[in-house]
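Take any residue in the sequence shown, count from 1 to its spot, add 13: that is its number in full-length UniProt numbering. For every residue, glycine included, the Cβ atom is placed at its ideal position computed from N, Cα and C. Note that this is a predicted model, so its numbers are computed, not measured. Accompanying notes for the structure given below.
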Amino acid sequence: NDGALWGGRFASGPSPALEALSRSTHFDWKLALYDIRGSHAHTTALERAGYLSADDAREMHAGLERLAQKVRSGEAQPRQADEDVHGAMEQLLLDEVGQELGGRLRAGRSRNDQIATFVRMYLIDHAEVIGRELLQLIDAIVAQAEAHPEAILPGRTHLQHAQPVLLAHQLQAHAWPLVRDIERLRDWRERAGVSPYGGGALAGSTLGLDPALVASELGLDRPAENSIDATASRDVVAEFAFIAAQIGIDLSRMAEEIIIWNTREFDFVTLDDGYSTGSSIMPQKKNPDIAELARGKSGRLIGNLTGLLATLKALPLAYNRDLQEDKEPIFDSVEQLELLLPAFTGMVATLRFHTERMAELAPEGFSLATDVAEWLVKTGVPFRDAHEISGALVRACEDRGIGLEEADDALLTDVSEHLKPGVREVLTIEGSVASRSGVGGTAPVRVTEQRAELATRAQAA
Ligand code: ARG
Numbered sequence: 014n015d016g017a018l019w020g021g022r023f024a025s026g027p028s029p030a031l032e033a034l035s036r037s038t039h040f041d042w043k044l045a046l047y048d049i050r051g052s053h054a055h056t057t058a059l060e061r062a063g064y065l066s067a068d069d070a071r072e073m074h075a076g077l078e079r080l081a082q083k084v085r086s087g088e089a090q091p092r093q094a095d096e097d098v099h100g101a102m103e104q105l106l107l108d109e110v111g112q113e114l115g116g117r118l119r120a121g122r123s124r125n126d127q128i129a130t131f132v133r134m135y136l137i138d139h140a141e142v143i144g145r146e147l148l149q150l151i152d153a154i155v156a157q158a159e160a161h162p163e164a165i166l167p168g169r170t171h172l173q174h175a176q177p178v179l180l181a182h183q184l185q186a187h188a189w190p191l192v193r194d195i196e197r198l199r200d201w202r203e204r205a206g207v208s209p210y211g212g213g214a215l216a217g218s219t220l221g222l223d224p225a226l227v228a229s230e231l232g233l234d235r236p237a238e239n240s241i242d243a244t245a246s247r248d249v250v251a252e253f254a255f256i257a258a259q260i261g262i263d264l265s266r267m268a269e270e271i272i273i274w275n276t277r278e279f280d281f282v283t284l285d286d287g288y289s290t291g292s293s294i295m296p297q298k299k300n301p302d303i304a305e306l307a308r309g310k311s312g313r314l315i316g317n318l319t320g321l322l323a324t325l326k327a328l329p330l331a332y333n334r335d336l337q338e339d340k341e342p343i344f345d346s347v348e349q350l351e352l353l354l355p356a357f358t359g360m361v362a363t364l365r366f367h368t369e370r371m372a373e374l375a376p377e378g379f380s381l382a383t384d385v386a387e388w389l390v391k392t393g394v395p396f397r398d399a400h401e402i403s404g405a406l407v408r409a410c411e412d413r414g415i416g417l418e419e420a421d422d423a424l425l426t427d428v429s430e431h432l433k434p435g436v437r438e439v440l441t442i443e444g445s446v447a448s449r450s451g452v453g454g455t456a457p458v459r460v461t462e463q464r465a466e467l468a469t470r471a472q473a474a
């Protein structure tokens, strides 16, 4: 049983079928440098507790450092017989510092507490990368809003014309969920910063090693309170998978709008050549593939989350090998987001908006009918009646094939005695938008204020 981590009580080595099933080095090798950092910290803990002399500890640290170089250069690789990254690293370390010293390092730790720690360290590092990429996307959205402070967009509910809004208001509406995603990552970091190292297989260790020392050496905040929970729980991983899925969903909603805006029928945007694709058969095509991949990958990110939750459901404590199945989905969620976010940001930053086209369509669909009703309320009409009157005006205009602003005085009084010519004052798109000036509304002054607030919250997150 060459190089395995056990053997004493086994008469034979693993069958080839088991080896093939059990092997995880093709995906957990990603954690090799975290494994080495864990070993540095563990070396220090063993030395403090008197299990390694100062010379041995120095030699161990030096060997681990050489090994880290070889991992970085690609010279160190797992071998066919290694089950996982932890076993592979032990073998490589034995080559580096010899059997006698290398064989001392496994005391007081288990792959169960190692892996639970390293997946947290990996996710904490990547949460930072993803947080930075989200900030860049928010910046790109805010820059577009800033570049189009007055542009009008036909606002929609049910995908139908509803009320005119500022384009900047709509764009910023896509930035706020991303700010909350960064805040979610920050909140998650609190729970992620707990170190399972020292929990051993499940019950802790007899050796009196200092888990707080290891935690701080690893950049984590404190050791776990319960060794069983520490080695068996993966809610921190599942929560990260949720945040990743939520980010995917937030991107997919903006993506879907860009896809629609980019159709010939809408014609609200042009995509930059560098951020769109062509067709292999139709020479005229320019496709919004980044937005479509965002939409598609959001499904994949949800799948990673639900797959992980299904793995965890009803799993008895403490460690079970099922837990190895957390790695591929969570690595995938990280990698997909890190691929997607820079492309998405580039697409948003380079979008060209057809503001005239948007403004032209904004009054269509009687989108100022609510303004008429609210004008009536201001003249003392109860809203229920105002709603009816405005609805009747819409019907009358629709019958005549005209817009609300085209109704003459006779038609207005015909529909209702309350509809005085003064109502025309609210029948402009700019007037409508400017009058929605309550907190959070689409009036230009509010949207500008909101943009400053958005920048502040994003920076603070
Ligand atoms: N590779 C395993 C994982 O990813 C850790 C090893 C624990 N294996 C074991 N037989 N206790 O979860």
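- In this structure, E109 lies near G76, with their beta-carbon atoms less than 7 angstroms apart.
- Of the residues H53, E103, M371, the one whose Cα lies closest to the Cα of A181 is M371.
- Under a 10 Å Cβ-count criterion, G168 is classified as buried, with 16 or more other Cβ atoms of the shown protein chains found around its own Cβ.
- Check the Cα spacing between Q93 and each of S123, A17, A158: the tightest is with A17.
- For the stretch 149-197, the continuous beta strand (DSSP E) assignments of 3+ residues that do not extend past its boundaries occur at 165-170, 173-179, in sequence order.
- For F255, the uninterrupted alpha helix (DSSP H) run begins and ends at 248-274, by DSSP.
- When Cβ pairs closer than 8 angstroms are counted between the two stretches, the stretch 116-130 is seen to touch the stretch 210-229, the count reaching three or more.
- For Q337, the CB falls within less than 6 angstroms of some heavy atom of ligand 1.
- Each residue's CA atom was taken as its position, placing E430 and N275 some 44 angstroms apart.
- Checking the DSSP bridge columns, you'll see R92 has no partner listed.
- Take D194, set aside five residues on each side of it, and the residues of its chain with a beta-carbon closer than 8 angstroms to its own are L147, I256, Q259, I260, D263, in chain order.
- Look at N317 here: in three-state DSSP terms it is helix.
- Counting the other CB atoms within 10 Å of its CB gives H187 a total of 16 or more, which places it among the buried residues.
- Residue burial annotation: M267 is buried, with at least 16 other C-beta atoms found within 10 angstroms of its C-beta.
- Three or more Cβ pairs closer than 8 angstroms define a contact, and the stretch 321-333 meets that threshold against the stretch 242-255.
- With fewer than three CB-CB distances shorter than 8 angstroms, the stretch 330-342 does not count as touching the stretch 303-310.
- Distances between the C-beta of D95 and the heavy atoms of ligand 1 are all 6 angstroms or more.
- When C-alpha distances from G212 are compared across R235, V439, G115, the shortest belongs to R235.
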